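Okay, structure first, notes after.
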Amino acid sequence: MEAVNRLELEILISFIHYPNDLVEFLDKVQLKIFSKEAQRAITIINDLCQKNALGLNAFFEHLSNKERESEYFQELLLCAPSPNYLSLIEIFKHTYQIKAQERIGKTLLEASNNNTLLDLMVLQKDLDVETKEFKTLEVWVEEYAKKPKAQTYKTGIPFVDNCFGGGFELGQLMLIFGEPEAGKTMFSLQILENLSKYTKVCFFCFEFTIDDYLKRRGNCSFVQSDNFFIINDGYDINEIAQNIKSLYKKGVRFFLIDSQMRVTNTGRNSEEEESVKFSTLAKLCHSLNIFVIFICQNSKTDKDNPLGTKKGGHEASIIIHIERVKPKSDDLEQKGSEYDENARIFKVKKNKQTGKHYKDRILFDKSKLRFYEDNAKQKDIEIIYEQVQKELEMPVI
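Residues are numbered in the working numbering as their position in the sequence shown, beginning at 1, plus a constant of 7.
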């Protein structure tokens, strides 16, 4: 029998003979470290302890005939108990981690042979052997009181910042919906470019080439270029996740992915394939405390959910819709046009940050590719929030 099983058996027989330290041992060791046979044995041991009836004979009476005759429990009878089994905790954890590392290595090798990328963070969880600390409400309240206030990142777009209490907080997945040519990418880039003036950002440029972006954006004088990362390859969701983790280490906190239809994934069915994209990004937002803007396509049957998944809308903290609008009746230049080239309807349909919803007609400057409020035609939206505030405080002449 393997060394890890012998150590496990020694610990189990010690539980039966010296149960006084059982609770302390299990408080420090996760059950996942034990084999399925051992977990079954621990269930019986705990049950007998509660009845004050624990003993070797009583333990074996609670096993099935098949279990009693198995090699595992026959070997258990041959093990000598140790009254100091608490000293075996670290050895037991280490032995488990070595075996887990071996399993992970085989999994990685198999994935490499199949040309598949895996999420290393998920695999690494198998190596985590520390028990969770459970906190009371009193402890949570004390920690919250000491916790610094979450930083708000101003987008420089007044109607957005007002809706979100001054800007965006990290740890959120934001979905942007809209019809083709509604301006989803332009609006998302406006946010990212403004944010680049004081924090690092990344644009996953999957819908068009980087040359197209540079051509449409001119000399990019309104962007802090050394804060603005662009990635235009690696469409698989697992590769995107790895790139996000790498850029996070470089200080990037805001990411724009354009778009859902370009991101690839493999799953048992189309629903799973799409859902995994959103769950992966949402988990990254929470675990790394980052902000991801994900441009999506609407489900035809449910306008509030992404195409192909009901779970996608649930994973998001913020959902924004940008809709095209018909020209006003007095707009002679666009008379007969199906859509107004200079205006959109902007809706905030989900907002877990402040709870505020928003709907208004906003204008679009085709020459600068910028959105701005209908009642602020002369204000250049690339001006950051502080400058806008100063303008509002100036006396009216």
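Glycine is no exception: its CB is placed at the ideal position from the N, C-alpha and C atoms. None of these values were measured; they are calculated from a predicted model.
Exposed unless 16 or more other CB atoms sit within 10 angstroms - verdict on residue i
{"i": "ARG377", "result": "buried"}
{"i": "ILE321", "result": "The sequence shown places His at residue 321, not Ile. Exposed, by the Cβ-count rule."}
{"i": "PRO165", "result": "buried"}
{"i": "GLY362", "result": "exposed"}
{"i": "PHE215", "result": "exposed"}
{"i": "VAL270", "result": "buried"}
{"i": "LYS307", "result": "exposed"}
{"i": "ARG260", "result": "buried"}
{"i": "GLY62", "result": "exposed"}
{"i": "LEU221", "result": "exposed"}
{"i": "THR162", "result": "buried"}
{"i": "LEU29", "result": "buried"}
{"i": "GLN179", "result": "buried"}
{"i": "LEU116", "result": "exposed"}
{"i": "VAL422", "result": "For the chain, the structure presents residues 8 to 404; residue 422 sits outside this window and is missing."}
{"i": "ASN234", "result": "buried"}
{"i": "PHE141", "result": "exposed"}
Test: residue i CB closer than 8 angstroms to a CB of chain B
{"i": "PHE236", "result": "Within the model displayed, chain B is absent; a lone protein chain is all it includes."}
Cutoff 6 angstroms; reference residue i; Cβ partners in own chain excluding five residues on either side
{"i": "ASP135", "result": "none"}
{"i": "ILE327", "result": "ILE183 and VAL355"}
{"i": "ILE244", "result": "VAL270, ASN272, LYS284 and THR287"}
{"i": "HIS364", "result": "VAL355"}
{"i": "HIS24", "result": "PRO88"}
{"i": "ASN239", "result": "CYS212 and ILE217"}
{"i": "GLY172", "result": "THR361"}
{"i": "ASN409", "result": "For residue 409 there is no data in the structure shown, the boundaries of the chain being 8 and 404."}
{"i": "ALA157", "result": "GLU176"}
Among the options, nearest to residue i - alpha-carbon criterion
{"i": "LYS333", "options": "ASP347, ALA323 and GLN341", "result": "ASP347"}
{"i": "ILE20", "options": "HIS364, PHE67, ILE369 and ASP34", "result": "PHE67"}
{"i": "ARG13", "options": "PRO26, ASN27 and GLU44", "result": "GLU44"}
{"i": "ARG360", "options": "ASP367, TYR379, SER324 and GLU380", "result": "For clarity, residue 360 is Gln in the given sequence; the question names Arg instead. It is SER324 whose Cα lies nearest to the Cα of GLN360."}
{"i": "ASN312", "options": "LEU116, GLY185, CYS86 and GLU140", "result": "GLY185"}
{"i": "GLU17", "options": "SER89, HIS69 and GLY62", "result": "SER89"}
{"i": "GLY112", "options": "LYS100, GLN131 and PHE99", "result": "GLN131"}
{"i": "PRO26", "options": "ASN201, LYS222, TYR205 and ILE51", "result": "ILE51"}
{"i": "ASP133", "options": "VAL148, LEU144, ALA107 and LEU125", "result": "ALA107"}
{"i": "GLU278", "options": "ILE238, LEU85 and THR316", "result": "THR316"}
{"i": "LEU83", "options": "ILE98, PHE22 and ASP28", "result": "PHE22"}
{"i": "HIS101", "options": "ALA65, GLN46, GLU15 and SER71", "result": "GLU15"}
{"i": "ARG331", "options": "ASN276, LEU370 and LEU295", "result": "LEU370"}
{"i": "VAL129", "options": "THR114, GLU340 and ARG224", "result": "THR114"}
{"i": "MET181", "options": "ILE264, ASN72, ARG223 and LYS373", "result": "ILE264"}
{"i": "SER203", "options": "SER232, LYS153 and PHE175", "result": "SER232"}
{"i": "VAL375", "options": "ARG223, ASN72 and ALA65", "result": "Reading off the sequence shown, one finds Lys at residue 375, where the question assumed Val. Minimum Cα distance to LYS375 is reached at ARG223."}
{"i": "SER42", "options": "PHE99, TRP147 and VAL148", "result": "PHE99"}
Short Cβ contact (8 angstroms threshold) for residue i with residue j
{"i": "CYS212", "j": "PHE236", "result": "no"}
{"i": "ILE40", "j": "TYR103", "result": "yes"}
{"i": "ILE329", "j": "ILE198", "result": "no"}
{"i": "LEU177", "j": "PHE298", "result": "yes"}
{"i": "LEU314", "j": "PHE301", "result": "no"}
{"i": "GLN267", "j": "CYS303", "result": "yes"}
{"i": "LYS257", "j": "SER282", "result": "no"}
{"i": "THR206", "j": "TYR160", "result": "yes"}
{"i": "ASN305", "j": "CYS170", "result": "no"}
{"i": "ALA248", "j": "ASP126", "result": "yes"}
{"i": "LYS373", "j": "ASN349", "result": "yes"}
Beta-carbon contacts of residue i that lie in its chain and below 8 angstroms, excluding the five residues immediately before and after
{"i": "GLU31", "result": "LEU93"}
Contacts around residue i, its chain only, beta-carbon distance under 7 angstroms, and the 5 residues preceding and following it disregarded
{"i": "SER344", "result": "PRO334"}
{"i": "GLY241", "result": "ILE247 and ASN250"}
Handout entry: Cβ pair count under 8 angstroms reaching 3, the segment 55-72 against the segment 112-121
Key = no
Exercise for the section: Tell me, please, whether the segment 236-255 touches the segment 180-192 by the rule of three or more beta-carbon pairs shorter than 8 angstroms. Expected result: no
Exercise for the section: Check whether the segment 352-361 touches the segment 334-342, taking contact to mean three or more Cβ pairs, one atom from each stretch, closer than 8 angstroms. Expected result: no
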